[in-house]
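Working notes for the structure below.
2 protein chains.
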Amino acid sequence: MTELEQLLELSEILTDDEFKSLASTIQVQELLERWESINSKIQLKIFESLLEDEKVIDLMLNLPHTAQENILTSISQENIKSLLSRLQPDDITDFVQELSEETKKAIWASLSEEAKEETLHLLKYDEEEAAGIMTPRFLAIRTNQTIKQALDFVRRNCSSTEIINYIYIIDTQKRLKGVASIKALLSNRDDMLVTEVMDKDLVTVNASTDQEDVAKILETYALVAVPVIDDQERLLGIVTFDDVIDVIREEQTEDIYRMQGISGKNTSSYKETSPMRLVLKRTPWLIILLILGTFTTIVMERYQVELTNIVILATFLPLVIQTGGNSGGQSSTLMIRGLATGELKFRDTGKIILKELVVGLTMATSLCLAVFLIIQFRNLFASHDIFFTEITELQESFAISIAFFFVVIIANLIGAISPMIIHKMGMDPTVMSAPLMATVIDVLGLTIYFEIARLILKF
Amino acid sequence: MTELEQLLELSEILTDDEFKSLASTIQVQELLERWESINSKIQLKIFESLLEDEKVIDLMLNLPHTAQENILTSISQENIKSLLSRLQPDDITDFVQELSEETKKAIWASLSEEAKEETLHLLKYDEEEAAGIMTPRFLAIRTNQTIKQALDFVRRNCSSTEIINYIYIIDTQKRLKGVASIKALLSNRDDMLVTEVMDKDLVTVNASTDQEDVAKILETYALVAVPVIDDQERLLGIVTFDDVIDVIREEQTEDIYRMQGISGKNTSSYKETSPMRLVLKRTPWLIILLILGTFTTIVMERYQVELTNIVILATFLPLVIQTGGNSGGQSSTLMIRGLATGELKFRDTGKIILKELVVGLTMATSLCLAVFLIIQFRNLFASHDIFFTEITELQESFAISIAFFFVVIIANLIGAISPMIIHKMGMDPTVMSAPLMATVIDVLGLTIYFEIARLILKF
């Protein structure tokens, strides 16, 4: 039995002090995982027991927004105050943006003047840019300081600062001149000037740098935090690794959604998205695909004679378009991912086409053989009237298998090339989602299928 | 013109010293982005110019494996030695696992005895577990030390340690007893014992904890590093935030691949995956889907009479199965993502079904209307013989639109429920990929389509 299970089991009989001391032993991770299954009265009691604990911050920041709201509307104004005083300004800013109007008001009233000012400052910036995710609390000292002075400064200020790995060195105009790591301060003589040990070859981002690029820079240099500067090179704040992890997760969800035809911007959690918003995120894409898909009806009309004369063609029709969509979806996914991680560039298109030709040929051959075998198995069953009823003639088997061969090759190439072209046009390649890919391939695949059948079966 | 562009432009005329000093001003991020477009002789020259610079480590670690190999096989044994001596053991371990046999040998020969030992130690562990991604270099001191002694220890050892945010406190059996942040050491009196300021309520992971869980824990607590302990609570190493970011990116690629029917394990980069490996990652899924898709041929056979008698049914067939696949793909994607981030649990299934019923009904109504309108437009065009030729009777329009309605509702529900069931069965819900979803929905969607048409058109 974990501590949380004990607590839930015994919540009725424990004294307040016992409850509090047991609550303090529970891991935040476990609380988060089971939070929603806990009765709301007990939730509140646990939260209040932890109020003085450092844990309460991790718990608060990781709960879903509705759970945060529930707590903020239930605890006393005084407790809100104490909680907010321990949050970093960038976290408060996130709060203020996500909560309901009412809770926002309650929070605002409880903020210190300093926090209000910092929050207002941060709200000025775009949420998706460096300045929108930075914290304005960092350690910065003037160029004329010694290491001893710098370390004293760190000692005095470290409690209010999230990250003390770097001490930024600024001039009188607040322009960033260099950075000294806490390592450098600790491992050099006390009487040296910070300018002697600082790194002048700075990695910085601009206030308007896109958050995804900030993430890439922090990753490349394995930094705990990246300084954010304005156009005059003045230091505005720092983006810390934990905010970068949030950005990576968020962008990841957006990409996955878009690749499946779900509008991606401002992806909040599933539970907290209202049914109406879900409909609005999904229906437009379904209707666009429906309209584009109408082209398939033109193809179907054109080959109606073939379809009604050779019934076996209709039988394999869903399978051939599905297979085309699958292989095209695979290759477009590989390209979209490669473009997203920055591994693939437009100039690689030539190499990609060559590679996908080789891959496509091999896959198409395997699938062509597989289809031929499947048809023979079908015949075997059909001759005993098990599952299947139609016997496919040998010539028809050939026609269908060869059609699969070409559909796979073409679908695979289109899947590989389209994201590169869309990327080159300056658009997000995730719009070339697997469903869109499948729709395009339906039109082409059906045409190939019927033309090859017509050619081989000579009608 | 950036510094890199200047360097490339002037590489022929610069003296070695000028080249070196210009090279040192280039940002690593820019080098990485353009590395492959640089002539290999210049690549080597740039790399060698940076050898004494700290940048060379960031550059080396972020280059693709083939580029790393090229460099390691071109620079002198002595330079390899100097390079390796500055790498962390966990990075060396990654190296040793990824490179070709030959390069491995060259690296091995250049490692110090200590590094060899550390590497061998790390290689013992599973790559996907906490111990496989940890570094064995951390700061640990005994329980009886004062803050002054601890800080002196940090000063002496910080150059060889990646992360100095936390100083771990261990007993004589190396069991982890607590952790003191560098903040706590700096902001307390020198003569206090570390045990007085340390945090005993530790966040740790076990050596065999899955790397994805390690990532979640580091994220929840916003830690720069998490300590890894064995079953006897002995401290083995720490997993740092930069390795966690790598894990998140890697798992993200795996998820996206699997969701599109590409085998996900050991996802290396597209460029470095041989065509044969790509075929092996993709073909098995295509063939499995082909075999499962064979069920559609049973359905097609059953409704052959309807298909040949009412030609308009065939015309809209690709569109109806595509739309079913799209809506099912959307809902399964939402569930898979929710399960991956931990937001959705099996116990939410009831609520999800209710929500998806509402969403599905609304979407189905919109799509039903859209299809009806599309058919009327088609008729308008067809009556003038533009694009289309067939006129759809009003009764047929109703039948087709209503069939779309039910296909969307059913597809949406199946898409929502299947990942939950697969998750409950202890399997990875990403196996319920969009292509698999589409195949299942093809079989069901076709049946619904024909049955509704039969019902309304009464034949």
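Taken in sequence, the protein lines are chains A and B. Going by the working numbering, the first residue of the first sequence is number 214, and it counts up by one from there. Going by the working numbering, the first residue of the second sequence is number 214, and it counts up by one from there. Just so you know, even glycine gets a beta-carbon here, dropped at the ideal spot from N, CA and C.
1. Are the stretch 290 to 297 of chain B and the stretch 321 to 339 of chain B in contact at 8 Å, needing three or more beta carbon pairs?
2. Of all Cβ atoms in chain B, is any one closer than 7 Å to the Cβ of A/E556?
3. Which stretch, first to last residue, makes up the beta strand (DSSP E) that contains B/T453?
4. Looking at the unbroken beta strand (DSSP E) that takes in B/R355, where does it start and where does it end?
5. With 8 Å as the limit, tell me which residues of the stretch 461 to 478 of chain B have their beta carbon closer than that to any beta carbon of chain A; keep them in chain order.
6. Which word fits A/M214, buried or exposed, when buried means at least 16 other C-beta atoms lie within 10 angstroms of its C-beta?
7. Looking at the structure shown, is A/K484 part of a helix, part of a strand, or coil, going by DSSP?
8. For A/K317, would you say it is in contact with chain B, using Cβ-to-Cβ distances shorter than 7 Å as the test?
9. Using three-state DSSP, classify B/L406 as helix, strand or coil.
10. What is the DSSP secondary structure of B/A435, counted as helix, strand or coil?
11. If I follow the unbroken beta strand (DSSP E) through B/F639, where does it start and stop?
12. Taking Cβ to Cβ, would you say A/T306 is nearer than 7 Å to A/L505?
13. Using a Cβ cut-off of 7 Å, pull out every chain B residue sitting near A/E603, in sequence order please.
14. Going along the chain, which residues of its own chain have a beta-carbon closer than 7 Å to the beta-carbon of A/I430, five neighbours each way excluded?
15. Three-state secondary structure (DSSP) at A/V418?
16. Taking 8 Å as the threshold, find out whether the stretch 511 to 526 of chain A comes into contact with the stretch 631 to 646 of chain A through three or more Cβ pairs.
17. Threshold first: 4 residues or longer. Then list the alpha helix (DSSP H) segments lying entirely within the stretch 295 to 323 of chain A, N to C.
18. For a contact meaning CB atoms closer than 9 Å, what does A/Q535 contact in chain B?
19. Does the Cβ-Cβ distance between A/V452 and A/A527 come in under 7 Å?
20. Helix, strand or coil: how does DSSP classify A/L389 here?
21. Do A/I534 and B/P531 have their CB atoms nearer than 7 Å?
22. Tell me, which residues are paired with B/P440 by DSSP?
23. Mind reading off the beta-carbon distance from B/G551 to A/Y483? Whole number of angstroms is fine, and I expect it under 8 Å.
24. Measuring only the C-alpha atoms, how far is B/L312 from B/L244?
25. From the beta carbon of A/A612, is the nearest beta carbon of chain B less than 7 Å away?
26. In the structure shown, what three-state DSSP assignment does B/S545 receive?
27. Suppose only complete runs of 4+ residues qualify. What are the alpha helix (DSSP H) ranges in the stretch 506 to 578 of chain A, listed by chain order?
28. What does A/V518 reach in chain B if we use C-beta pairs closer than 9 Å?
29. For B/R355 and A/I255, I'd like the C-alpha separation in whole angstroms.
30. Strictly below 7 Å CB to CB, what residues from chain B border A/M576?
31. Please look up how many angstroms separate the CB atoms of B/Q655 and B/T509, rounded, as I've assumed it's under 8 Å.
32. Along chain B, in chain order, which residues have C-beta atoms closer than 8 Å to that of A/F308?
33. Please say whether B/V492 and A/M411 have beta carbons closer to each other than 7 Å?
34. According to the Cβ coordinates, are B/A583 and A/I500 closer than 7 Å?
35. Flag A/P488 as yes if its beta-carbon sits less than 7 Å from any beta-carbon of chain B, otherwise no.
36. For A/C371, would you say it is in contact with chain B, using Cβ-to-Cβ distances shorter than 7 Å as the test?
In terms of the structure at hand:
1. Inter-segment contact for the stretch 290 to 297 of chain B and the stretch 321 to 339 of chain B is present: three or more beta-carbon pairs are separated by less than 8 Å.
2. yes
3. Its beta strand (DSSP E) spans residues L448 to T453.
4. A353 to R355
5. Under the 8 Å Cβ criterion, the stretch 461 to 478 of chain B contributes I461, R462, Q465, T466, D468, I469, Y470, M472, Q473, G474 and I475.
6. Classification of A/M214: exposed, given that the 10 Å Cβ count is below 16.
7. coil
8. no
9. strand
10. Coil, per DSSP.
11. Note on identity: in this sequence residue 639 of chain B is Gly, with Phe being the wrong assignment. Neither: B/G639 is in no beta strand (DSSP E) and is coded neither H nor E.
12. no
13. Scanning chain B for C-beta atoms nearer than 7 Å to the C-beta of A/E603 yields E514, reported in chain order.
14. V416, V418 and V439
15. strand
16. no
17. For the stretch 295 to 323 of chain A, whole alpha helix (DSSP H) runs of length 4 or above, ordered along the chain, are 302 to 311 and 314 to 323.
18. L502, L503, G506, T509, I534, G538, P648, A651, T652 and D655
19. no
20. strand
21. Yes, the pair counts as a contact, with Cβ atoms nearer than the cut-off.
22. B/I451
23. 5 Å
24. 22 Å
25. Chain B, which has no Cβ nearer than 7 Å to the Cβ of A/A612, makes this no.
26. helix
27. 517 to 522 and 524 to 554
28. Ordered by position in chain B, no residue passes the 9 Å Cβ test against A/V518, which lies about 10 Å from the chain.
29. Approximately 40 Å between the Cα atoms of the pair.
30. At a beta-carbon threshold of 7 Å, the residues of chain B lying near A/M576 are V492, R495, T496 and L499, ordered along the chain.
31. Note that residue 655 of chain B corresponds to Asp in the displayed sequence, not to Gln. Indeed, because the Cβ distance is near 5 Å, the residues count as touching under 8 Å.
32. Simply none; closest approach about 15 Å.
33. no
34. In contact: B/A583 and A/I500 (Cβ atoms closer than 7 Å).
35. yes
36. Taking Cβ atoms only, chain B reaches closer than 7 Å to A/C371, which makes this a yes.
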